[in-house]
Each structure stands twice: as C-alpha cells, then as structure tokens.
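Numbering (this note's numbering), first residue to last: 2 to 323.
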C-alpha cells in the first residue's frame with residue numbers, strides 16, 4: 002500500500018494544495034446529524050492548534066469510515082473547506098483526504114484499506130511531533146526558564162520532553178485572550194509536574210524578562226518570510242529582541258506554505274467575544290486570533306527535518322519531486 006501523497010506533503014517533497022472558500026462554513030448545509038455536528042465543532046474550534054485539529058479530523062474520518070457514512074463525510078469536508086482559513090496546513094490535509102482517502106472508501110466497502118490509510122497519515126503526523134520534541138530538548142544542557150503563549154500541541158510536547166530530561170526549570174504561559182487557550186496549556190503542564198505560571202498577556206514583558214528563551218508554534222509560515230500565529234506573538238517577539246533572549250518556533254514541515262502572506266486569509270472574529278452587544282455601545286471592535294510576525298525575529302525553526310535559521314527556510318518551501 003502506498004501513502005505517497007500524505008508522506009510527500011509531510012516530508013516537504015510535495016507542495017500542498019490549499020482552499021480559500023468565501024462563504025460561511027455552514028453554507029449549503031441543510032442536514033443536521035451527529036456526524037455533521039462534529040464537523041461543525043471542528044470548523045468552529047477556536048482553542049486548538051492546527052496539529053491538534055488535524056488529529057481530531059483524522060479520528061472523525063475513521064469513525065465515519067467504520068460506519069460507512071460516505072455522504073456525511075463528504076458534506077463534512079465541504080463544511081471544513083470554508084472554515085479555519087488561517088490554518089493552511091489543515092486545508093492541505095483536507096485536500097489529501099478528499100483526493101486519496103475518499104476514493105479508497107468508495108472502492109472498498111469493507112473500509113480496511115481506507116482506515117489503514119488514515120492510521121498511516123496519523124502516524125506520520127505523530128512521529129513528526131515526537132521527532133521535533135526530541136530535537137528541541139537536545140538543544141539544552143542546563144535547566145531553562147521559558148515563556149510561551151496560547152496552545153500548541155507541538156510546543157507542549159517539546160516542553161514536556163525538556164521536563165523529562167530535567168531541562169525545564171519554569172514555564173511562563175501567557176493566557177492568549179480572548180479564548181484563553183493558555184489556560185488549557187498550563188493545566189496540561191501542571192498535571193505532568195511542570196513548574197508553570199499563568200500570566201495575563203499584558204504581562205508578557207515580565208515573563209520574557211524572567212525567561213531564558215521563548216517558544217511558540219505556527220499555523221503557517223509564508224514563502225515571503227512571515228510567521229502566522231496567535232495574536233500576541235509579534236509583541237512577544239519584540240520583547241524577546243528587547244531583552245536579548247532567543248525566540249524558537251517548533252512546527253512540522255507541513256506549516257511551511259508556498260503562498261505569500263497576502264494570499265492567506267486572516268479571519269475577523271465576532272466582537273461579541275470581547276463585549277456583549279449591550280456593552281458595545283456602537284464603537285468598533287477588532288478581534289483576530291492570528292497575526293503575522295517577521296521570521297527575522299526567530300532564532301531557529303525546529304522541525305522534524307532538523308533546525309533551520311530564517312535564511313535557510315527556502316529548503317522547506319516548494320520542494321517538489323524527489
């Protein structure tokens with residue numbers, strides 16, 4: 002059995018395809034079923050990182066394959082195609098599933114081949130995360146204090162690997178308003194025995210002043226040299242420069258896009274997440290989850306393929322063929 006499409010995208014040998022629908026994610030949907038509700042939950046999930054969402058998508062696809070819910074699966078893909086526009090890597094995997102997974106499911110009603118394909122794809126993604134965490138942890142020879150923001154499964158795995166090796170002294174976690182997904186991050190770290198402190202975003206300078214380095218994940222890195230990540234990443238990067246500590250980015254190769262930053266939609270989110278309509282009183286509200294940060298602020302990108310400085314990123318973008 003061949004898994005070349007998935008493996009090539011994850012390894013950087015194939016340029017992923019992307020979707021940029023303009024309609025709301027629920028456009029054209031008339032049915033309401035438990036499966037489609039799960040897809041809608043994915044489409045509106047605003048606290049999970051791209052890698053975590055991809056794992057959830059693969060698990061949902063497996064459940065649909067077991068029940069041979071092909072029509073609902075196709076509708077669910079259509080829902081996601083018009084959602085999470087700021088996560089190109091999620092759309093790259095969605096393209097793989099539509100082009101490689103769905104045909105297997107149609108051709109084999111016993112679903113064994115399709116489910117095996119999903120398992121292999123999930124394994125590729127999981128092994129990338131393990132490799133990144135191992136590479137990152139090996140960079141340090143003494144216990145470190147770290148600052149981070151928001152929630153990234155790759156960042157968490159890397160910090161936990163450092164903790165296992167006795168290399169993580171303290172973690173300062175910025176909460177990442179308005180959805181405060183940093184709260185989930187610090188609970189995960191605390192449950193694993195990490196000495197961690199939750200801090201409001203406005204105190205990031207205080208966090209950075211106490212840290213040896215900062216680390217963030219990535220939702221995308223554009224071909225023209227910009228990192229798309231949680232709003233707050235840019236001021237965090239500026240603080241790192243001001244206090245003279247390195248900023249690292251941990252992410253898999255799928256996050257490196259052949260697109261320019263102007264080609265990737267950064268969605269506006271509802272103002273009601275900040276104020277109720279009664280509180281708004283007619284003034285404008287700006288609410289975006291993601292922002293662009295120049296890669297020049299980053300010391301290194303740590304991927305499953307190794308460590309890369311900003312001027313080496315061309316090796317991770319647009320490699321096609323062997």
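Heads up, the beta-carbon is just placed ideally off N, CA and C, and yes, glycines get one too.
Only a predicted model underlies this, so the values are computations on that prediction, with no experimental measurement involved.
Which same chain residues, not among the five before or five after residue i, have their C-beta less than 7 Å away from its C-beta?
{"i": "residue 182", "result": "48, 151 and 152"}
Which of helix, strand or coil does DSSP assign to residue i?
{"i": "residue 88", "result": "coil"}
{"i": "residue 145", "result": "strand"}
{"i": "residue 150", "result": "strand"}
{"i": "residue 177", "result": "coil"}
{"i": "residue 250", "result": "strand"}
{"i": "residue 77", "result": "helix"}
{"i": "residue 301", "result": "strand"}
{"i": "residue 170", "result": "strand"}
Closest by CA to residue i, which one among the options?
{"i": "residue 130", "options": "136, 115, 155 and 106", "result": "155"}
{"i": "residue 301", "options": "260, 309 and 284", "result": "309"}
{"i": "residue 229", "options": "121, 246 and 265", "result": "265"}
{"i": "residue 267", "options": "76, 83 and 147", "result": "83"}
{"i": "residue 237", "options": "221, 210, 260 and 66", "result": "210"}
{"i": "residue 304", "options": "254, 167, 112 and 208", "result": "254"}
{"i": "residue 65", "options": "34, 52 and 316", "result": "34"}
{"i": "residue 288", "options": "276, 272, 277 and 281", "result": "272"}
{"i": "residue 142", "options": "167, 132 and 119", "result": "167"}
{"i": "residue 298", "options": "252, 235 and 101", "result": "235"}
{"i": "residue 73", "options": "41, 193 and 221", "result": "41"}
With a cut-off of 8 Å on the beta carbons, I'd call residue i and residue j a contact; round off their distance for me.
{"i": "residue 257", "j": "residue 314", "result": "7 Å"}
{"i": "residue 215", "j": "residue 248", "result": "5 Å"}
{"i": "residue 123", "j": "residue 61", "result": "So it is not a contact: roughly 12 Å between Cβ atoms."}
Report all residues from its chain with a CB closer than 6 Å to the CB of residue i; omit the five preceding and five following residues, and keep chain order.
{"i": "residue 163", "result": "138 and 169"}
Under 8 Å between C-beta atoms, does residue i make it to chain D?
{"i": "residue 156", "result": "Of the protein chains in this structure there is only one, and it is not chain D."}
Quick one: what's got a C-beta closer than 8 Å to residue i's C-beta in the same chain, skipping five residues either side?
{"i": "residue 262", "result": "223, 225, 227, 229 and 293"}
{"i": "residue 274", "result": "179, 180 and 288"}
{"i": "residue 307", "result": "136"}
| field | Inside the segment 259-296 only - alpha helix (DSSP H) runs reaching at least 4 residues | value | Counting only runs of 4 or more, we get 278-281.
| Can you list, in chain order, the stretches of the alpha helix (DSSP H) that have 4 or more residues and sit fully within the segment 180-235? | Note on the segment 180-235: whole alpha helix (DSSP H) runs with a minimum of 4 residues are 183-192 and 205-211, in chain order.
| field | In chain order, each alpha helix (DSSP H) run of at least 4 residues that lies wholly inside the segment 92-129 | value | Entirely contained in the segment 92-129, the alpha helix (DSSP H) runs reaching 4 residues are, in chain order, 103-108.
| request: Just list the alpha helix (DSSP H) runs in the segment 36-80, keeping only unbroken ones of 4 residues or longer that don't cross its boundaries, in chain order. | output: Counting whole runs of 4 or more residues, the segment 36-80 contains the alpha helix (DSSP H) stretches 51-67.
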